[in-house]
Structure formats: structure tokens, C-alpha cells
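Inspection log for the structure reproduced underneath, given as C-alpha cells.
Shown next as C-alpha cells:
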């Protein structure tokens, strides 16, 4: 653990925490404009978080310690995961930090405990959300692993820090497989953050009950933490896609100018990507629940083709 | 800078590889989509990808026949055939093909992966990659896989229109195999296009309307006392 | 010195076996479990020394008959598995001190205590065995003692069936092992284990026989069917020992064979890999549908054994393709997964035993709300669930990560088709671990959280202290083995490039604390407990509004319905000939037990058909038997004259 890594922890985590709510509201704004209305202002998410922090937390009498601990644990896990995805600069990290397998399973911890929270209060909505989410995320898991395996095959390393160092060193993507992997990563972003066509993040209706249903019982500070967790997850998944496909601006040395440039570039690229996600969401409809495995199967076919192309050619 | 990109063969090869993946994706969509309109769009996109592959291969190889093939495919398969089927489709309202024979879409995608592997194993027994060059070998594999997936479409879907698109996909696969493995003489290409036109025409006439299924066709023939065959 | 450890452990276990049978009292049962606890301490010391120093002691052989001697040897492989036994037994023995008192009669309590010790002793001797005869003798003792333990509640019909099934399968396993060992003996002429290099002959027959024999005992698909019957039937501490240790002893036997061959073949590796992946995914898919807590855990054991076999298959493939570092990583991953699985599966079975004892039923649909009534059991069960779901920084994650890492680096393999096979099995492994997480969300959530669904769950109380203490010992080992995994592996001399869980765990705890402090200091923190959970306007909340276990797994059952093969058959009776006035009807939803109906039953019918034909030869009349002897003498005379 050296000074560079400590500085990285503070800067990276701080930056990601700062900009995550911005991207969520940017997506909402793009969707609103696509629907012909103005939508909430860009800083609304920050104001919402502040409002939630002032409110009291209401617990159901049936709930247990899981409900009390899970929001804190989830945010801590996502912040730890954000250390694996360098956004401001690439540090000299200890060996384990940045391993893609650890990253995947850190996201799994967050799903596990959120699903338990859904079952905790004993309501049917929470149970429904937990059951649907755990089942469908089991079906998308092979696609995620194959996409990450394709990344590992192309870049010959299993560490994000090393991967981004390699991609940052070249202007065009190293291999055509990276372009194809980016499409898989885009689908993974849509699935993991519960956007249309997988789940509608704007409603709590039964038709769209997956992610939103599990957090129905949360309130006050806990809800603020969960919203922030969701935003951070969105940002780091977007960061992986950006750093794989268009890594210009990511620096490996710690200079003030370099940091400023890379933060600015990241804001620009991530805003474009957020706009793209918003447009994608506005252009298709949510799929029926049991049609989703066919969609996931198509995504798996695509990732399998990508890695086969890498293996055969 | 653009011209330096275009002159760089490695870059062009990369683009062709990406186009290969997209071609197989269009075949996968043909296997699993339930909406006839999107089926036609997918077929048009697939033919467009063929045109692009032919153009990029011309940029690598410099063989003028490829430009002719590209132009012919563009006119016939991207523009004319979908237009034709659309015109017929407007008269007979067809919209959905819901049922599957033998293979659900999920299973057919898994089988497709197996088909691609099988095509690879089979072809590597014939040509070694080093005789042909990696890109051309991949092209041959993708062409053969596309043909096999087209055959898969033909037996696993019910409506005749989907079967016709499956046959057209098979033709695309043969075309792809041809441009990568052998120099396809122009005249054979024209013959293939005429072949396709006749096929589409015949399908329109023989099938009692484009929204029928083979079962209805048999039933019609039975009522006309042409076929006294057993129940399917 | 090392011999002293083993001899004391063996003597302690023998005394523990004999004591409850001689002096029948509660004190002697307690003493016998205390003796097994003591023996595990000795075994821990022994295993630790061997693993750390790498000595390979050979104990003196006892000669029973000429040609039939027992040799006991130990090396690092057996040291690892003795460590596994020594880690599981303390927890189980402390737990059993209280648990055994729940049996119905005094005689059976004594018998259970005695047999547990005998079972542990037999497993220990199998791992220590130095030659084939010793191995087989103690293998049989292990099977028979576990059979008697499975038949503990023999008066229940389902237990009788379970016991019979288990007996047949384990006899089959021993038969295959005999065939395998005899064919090996014929090839070399020696019955010793150790660093043998068998001549590069055709080892196909021994490999297949031993693979089948050990596969039956370990619970590999398609030989797995006895596991879901036997584990629920046995008492929970015995299920823990069987699932945690006995299955791993089968793995040890298989590894011992594989590691002594100097020239294995590639198709062995691919066969093991495919069988392992298949077992893993089928095990977890069948587990998802279960609502009997112990049967669910039994299917989950099948899944984890599949993962271990995947690791072994990868080891063979990488070794034969020459990539030593990945081969070592896969083998270490497989063995470490065996160790971790022993720990958390035993903990899960003990916890299940507590829950079953407290509520009186094994059906998950009857549980609920136990977190308020049995808080300590819940915490320990949560630790085990998080481990088995494979979440960092627990031990279950580390071993799966080692396998994933071996997969991710497999771009170094030269053969593209082999890489394609690895990619396919990688996606199957990913599916398995995600389904396992879903499974344990269901198990933990439905059993412990929300409201109790029946009276027996409502009136459940915490179990007595010894049971909790036993589980706590296992839980502590579980946590330590996870956090210190990279340190332990480095200590043993394996230089694998795996991330450090201790660092991750510390950062996680630190971040959690930081978040908590920040949130506490920002704004007033009021909390309030509402009257009831919001039910969209319904005023009273009943337990029937909660999600049930079958409801939770319903999306998965629908997605994988081709694998579950539910058959719906219906009959209808009508009052008239034109079938228009409906009278009554029945409908049956029948889950086709694929392996039972398509594999086991046809084989069983074929065997009984053949044996009924053969039994016609024995019709009881003396004259027929004299006729047989006469024919035999005539045949022998002609044979020796003309053909010998």
C-alpha cells in the first residue's frame, strides 16, 4: 500500500460518488426530452438525496437486522468495487485490487443482500422482486462471465488496472473483438442497472417489478444509501465500457494537469454514453418477463460468437 | 488519415471480422424473431452486410468481380426482393409467425453455436488455414454456418414466408462461401439471382397466399382431392 | 513424534467406539464425543506438521495374513484431507453431545455415538491407507458404519428405502473399486500406493472402473441418485459428516490414483471436466425445486462435488498441455474447494438439524421468522450461506475464483477446440454459481426471515448451547479459512497469483464503518417501527401473504422447464356418450425423475429379469445338482484332454 494507491482511493471514490447522481438524472432528462417533456432538472438527484437523509427511517416490525445492515454493506461493497475501475488515473495497486472475478462477485454480494431485504419484511412485492431478480440474474451470469473472459483473452490479463493501461496506450481498439465486447458490455449495463427492456426503473408496478420491488420497504437514510449505491453501480459499469472502447485521456501518472484532463474527458464520454442509454431506453419497449431469457440467450450467443472469433482467428 | 486507414489491410480485416459476427447475429434473429416485418428487415440488413463485406474484400484484394457482385446483391437482395415480398404482404395481411417446430428459439441458438463449431471442424479437415489465409478460412466457416442456420430456419418455423427467408439465407451463405473460397464467375452469380426470383415467385403462387402454413397447404390439396395423404 | 499423534488419535477413536457400548449411560456418550474431539486435535497437529514440513512418514505394517498386510502412509495429499477431517470433527462432536440425546431410545443413542466414532475412524484410515487391501477394508467399514447410521430411524418407510438404495449403490461402488484395483495390480504386480509410475500401458479399464467407483461414492451425475435419499434420512450430524467428509474421501481416493499415474491421457481430463460441469449444473437445478431442507442441501452437495471434479479435469488438461502453473492453480482450487465445502456444508447441515429439531418438520414451507426466535442459529447459518453462495471475502469465493482464474488464463492453450470446450464449461460454471446464490437466498430468506408460516415455526425456541457451540467452531474455521486463504496457501508453498482476501475484508469493514459514521453524523437519525408492513392498503398482514419457497423458485422452474420435465396428466369422466356433461376428473402433476425412471429403473428391471432366469437353475432338487456336477466332470475331462 503506497502513497499513490491511497491517493487513488480518495480521488477515485470521491469523484465517482460526486458524479454518479448526475448521470442518473442525465438519463432521466434524455428520456424526458424523447417523450416531449422537460423532465426534472439535472441537479435534482442531489437534492433528493439530501431530502432523504433528513427523513426518518421506518422499519417494519417483521424486519430484522438484515434490513438495518444491508444498505450500509451494499454501499461499502460498491465503493470497494469502484476501486477496481480506475476513472481518474491508473495507480500502482496491490495485487488483488482490480481482479475482474472479484469485481463480478462484489456485484453479486450487493444483489444477494438486496434480495434478502426484499424477503425480510414479509410482503409479497418484495418476495416477487427478489425471486425474479435472482432468477434472471442467474441467466445473464454466463454472458457476463464470457464477456469478461473475452476481455481477458484479448488483453491477456485478469486485472482491470492492467487492462486499462494497455487500452489507454493505443488510439484505436487493439483488436476488433474489443468493439464487439463493448456491445456485450452495453447489454450488461442495461441488464445490471435494470433499464428498459429488462425492467422499468421509473415505476413500481407489478409488471416491472424487479429491482424497484426489493427496495419498496426502504425509507429515509437507508433509501438514500440505496439510491447512491445504484448510481455508483451505473457509473462504474459505464466506466468499464468507456475505458475499454474509448480510453483516451486516462493517465497512468499522477500529475495535476493529467488528473484534470482525465476527469474532464470522463465526464464528457460518460455523459455521451448516458445520453445513448437514455435514447436506447426510449426507443424500445419493456419485454415480457419470460421473454427475457430469450433476450439473454441472444446476448449470450453474441458474447459466445465474440470469444469464438477471438479463439479461431 | 482516412485513406491511410483504408490502405491498411489489417484494419480492413478487423472490420470484416466484425461484419462476420453481425452476419451471424442476423441469422440468429431470423431464427428467433416472431414478427414478419422484422424478418424482412433482418434479411435486408443481412444482404447489406454482404455488400459491405464484398466492398471491403475488394479493397483488400482488388478483384473487380467483387464490385459487380456487391452492386448486384445491393440491387436484388437489399432492394428488390424485400420490396416484392412487402408488396405481396400488403395484399395478404400477414404479421406473426408464432409457433415453432422441434426447436424453441433458445435451443436453436445453442444448436447454432454447435453448427458453427461443426463447420469449423469440418472445414479444417479440408483446408488448412495456412493454405487459405486466416480471414478466408473464417469466411468459409461463416458461409457454411450461415447455410446451415438457414436450413435450421427452414425446418423449425411454420409459415411459408419464413421458410422462404430461410432459403434466401442459405443462398447468402453460399454467396459468402463463394466469394471467400473461389473466384465466383459473374455469370453464375446472375444465374443464382434469377434462381432466387423464380423461387420467390413460385412460393407466392404455390402457397395459397403467403400467410399459410404447410398444414393448410396439405389441407387445401386434400379438399381438392389431389393428395390423399395421411394426417401430418 | 508423528506416529504418536496418529496412534493417540486412533486409540481415542477406538475407545470412543467401544465405550458407549460397554457402559450405557449419558456420561459415556459424552465421553465418547469428547474422545473424538481430542482425536481431532491430534489429527490437526499431525496434518499441520505434514503440510508444513512435507515429511512423508510410513507407519509399520501389520501383517494379518501372508500377502495381506496393512501399510499406513501419509504425504501432503493425505495431510490435506486429514486436515479436512480434523477441521470438521470438532464442531460435529460438540454438536452431537446434545443432538444424540434427541433419539428415541437409549440403545440407539449409544449405538449412534459408537458408530459415529467408528465412522470417523474408518474415514481416517482410508485416507492413511498405504496399499490397496488396507484401503478397501477400511472403505467397506466406512460404508457399513454410515449405512447403519443412515438407518438410524429404521421404522420410517422412506428411511428403509433410503437405506436400501444407499446400500446397493455403495456395494456397486466397492465392486467397481475392486475391479479397478485388481486390474492395476495385474499391471504392476504391486499393491502399494505411493509414488508409483504405472507402465504406459492401456490404463483405460482401471481408469473407468475407478472413475465409476469413486464417482458413485462422491455423488457424480448420473450416479448421484442415492444422495438425496440418504442424507435426509440420516441424523443431521451424520449428514454433516457424510456430506462434508465422506464424499471428500472418495475425491481423495480418485486423486490418489490420478496423481500416481505418470502418463494420463487427455480424454480422461475432458471426461472428468464434462461430468463435473454436468453434475454441478444439474445438482443446483434440482436443488432449486426442493422444499425439503435436507434434500436441498444434499443436491447442493452434488453441485459442489461437480465443481471439484471440474477443477480436477482442468488440472489434467492443463498438465497434459504443458501449462504447469495453471494445472497447479486448478488442482489447488479443487482441493481447497473440497476443504471449504466440508466446512460450510457441515455447518449448514448442523444448522438444518437445529432448525428441524426446533420446529419438528423438514419442510421449508413451514418455516419463517426464525431469526427472531433462534438468533444465534441464524447468524451461523448466514455465515455458511454467504460462503456457499461464493461471495467475497469468504472461503467459498476463493476456491471458485481460483477455478475462474484458471479458465480466464486458458488462452495459453494451443488447441482451439479445447479452448472452445473450456469456454462452454466456463459458462456452465458461471450459471451454476449464480443459481447457487439464488438457491441460498431462497433457503435463508424463506426459513429465517419475515413471519412464521405455521405454528411449529412460531413456537420454535433456540437450541441448547452445545449445539450452538459446535456450529460456532465450524463457523470460525470457515471465516478464518476465507480471510487468510492466500496466507495459508503461501505458507504451504504454493505460489499462485490470487488476490488477498484479508486486505479486501479489511477495506470492506473499514469502508462500512466509514459510511456508517458519515451517515450518522449527517442529519438527525430517527427511526420508527411501523405497525406492520405496507400491503398496498390491506390492513392486516397474514403469513399467507408472504412469498413461499415454491413461489420463489417458480421463475427458475419456468425458465428451465425442459430440464424439469413436469408431466401433467388428466382424466375426465362424462355422464353421456357425446362427452358434453362433465362428471368428475383428476389431474396429476408429476415430476419425471429423469435419472430414476430412464436409467436406474430399467437397469434394475434388467438385473432382476436376468437373475430370475438364473435362479431357475437352483430349483432345490438334489438330483439336478448331481447332474450339474456330472456335466462339470465330463466337460473338465474333455477340456483337459483336448485343449490344455
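Protein chains in written order, with my numbering: chain A, 1 to 313; chain B, 314 to 545; chain C, 546 to 1189. Using N, Cα and C, we set each Cβ at its ideal position, and we do this for glycine too. A quick note: this is a predicted structure, and the numbers were derived from the prediction, not measured.
Asked                                                                                                                                                  : Found
Determine the extent of the alpha helix (DSSP H) in which residue 104/A is found, giving its start and end residues.                                   : 100-120
Under 6 Å Cβ to Cβ from residue 1113/C, same chain only, skipping five residues before and after it: list those, please.                               : 1134
Along chain A, in chain order, which residues have C-beta atoms closer than 8 Å to that of residue 334/B?                                              : 180, 302, 305, 306, 309
Taking C-alpha atoms, which residue in 754/C, 712/C, 732/C lies nearest to residue 722/C?                                                              : 754/C
Round the Cβ separation of residue 119/A and residue 994/C to the nearest angstrom and send it over; I've been treating them as touching at under 8 Å. : 5 Å
With DSSP collapsed to three states, give me the class of residue 295/A.                                                                               : helix
Does DSSP put residue 1186/C in a helix, in a strand, or in coil?                                                                                      : helix
Please report how far the alpha carbon of residue 1229/C lies from the alpha carbon of residue 756/C, in whole angstroms.                              : Any answer about residue 1229/C is impossible in this case: the structure gives chain C only from 546 up to 1189.
To the nearest whole angstrom, what separates the beta carbons of residue 682/C and residue 794/C, a pair I think is in contact under 8 Å?             : Not really, about 14 Å apart at Cβ, beyond 8 Å.
Assign residue 1051/C to one of two classes, buried (16 or more other C-beta atoms within 10 Å of its C-beta) or exposed (fewer than that).            : exposed
So with Cβ pairs under 7 Å, would you call residue 447/B a contact of chain A?                                                                         : yes
Mind checking residue 545/B: buried by the 16 CB within 10 Å criterion, or exposed?                                                                    : Here the model assigns residue 545/B a pLDDT of 43, short of 50, so the residue's position is not dependable, and the following value carries that caveat. Exposed, because fewer than 16 other Cβ atoms sit within 10 Å of the Cβ of residue 545/B.
Would you say residue 115/A and residue 980/C are within 7 Å of each other, going by their C-beta atoms?                                               : no
For a test of the three-state rule: what should DSSP assign to residue 281/A, helix, strand or coil?                                                   : helix
For residue 95/A, return the contacting residues in chain C, with the cut-off set at a CB-CB distance below 8 Å.                                       : 1042, 1044, 1045
Output the distance between the C-alpha atoms of residue 839/C and residue 785/C, rounded to the nearest integer angstrom.                             : 10 Å
Check this for me: beta carbons of residue 312/A and residue 959/C, under 7 Å apart or not?                                                            : no
So, residue 638/C versus residue 604/C, is the Cβ gap smaller than 7 Å?                                                                                : no
Give the DSSP-derived three-state secondary structure of residue 545/B in the structure shown.                                                         : With a pLDDT of only 43 at residue 545/B, under 50, the local geometry of the prediction cannot be trusted, and the value read off the model is given with reservation. Residue 545/B falls in the coil class under three-state DSSP.
In whole angstroms, what is the alpha-carbon distance linking residue 1046/C and residue 595/C?                                                        : 25 Å
Consider the Cβ of residue 471/B: report whether some Cβ of chain A lies at a distance smaller than 7 Å.                                               : no
Given a limit of 9 Å on CB to CB distance, which residues of the segment 941-963 of chain C reach chain B?                                             : 961, 962
Please list, in chain order, the residues of the segment 565-582 of chain C that have any C-beta partner in chain A closer than 7 Å.                   : none
Within a Cβ cutoff of 7 Å, which residues of the same chain sit near residue 954/C, ignoring the five residues on either side of it in sequence?       : 871
Can you tell me which of 813/C, 777/C, 792/C, 701/C puts its alpha carbon nearest to the alpha carbon of residue 751/C?                                : 813/C
Under the three-state reduction of DSSP, which class applies to residue 885/C: helix, strand or coil?                                                  : helix
Mind checking which residues open and close the alpha helix (DSSP H) that includes residue 1130/C?                                                     : Note, residue 1130/C: premise wrong, no alpha helix (DSSP H); beta strand (DSSP E) at 1127-1136.
Between residue 1141/C and the rest of its own chain, which residues show a CB-CB distance below 8 Å, the 5 nearest in sequence each way excluded?     : 770
Shorter than 7 Å from the beta carbon of residue 313/A to some beta carbon of chain B?                                                                 : yes
Could you list which residues in chain B have their beta carbon closer than 8 Å to that of residue 965/C, in chain order?                              : 430
From the DSSP output, which residues share a beta bridge with residue 674/C?                                                                           : 617/C
Any residues in the segment 1087-1100 of chain C with a beta carbon nearer than 9 Å to a beta carbon of chain A? Which ones, in chain order?           : 1088, 1090, 1091, 1092, 1093, 1096, 1097, 1098, 1099, 1100
Thinking residue 16/A and residue 236/A are a contact (beta carbons under 8 Å), I'd like their distance in whole angstroms, please.                    : 7 Å
Determine whether the Cβ of residue 1023/C lies closer than 7 Å to any Cβ atom of chain A.                                                             : no
Examine chain A for any beta-carbon lying closer than 7 Å to the beta-carbon of residue 1072/C, and answer yes or no.                                  : yes
Give the DSSP-derived three-state secondary structure of residue 253/A in the structure shown.                                                         : coil
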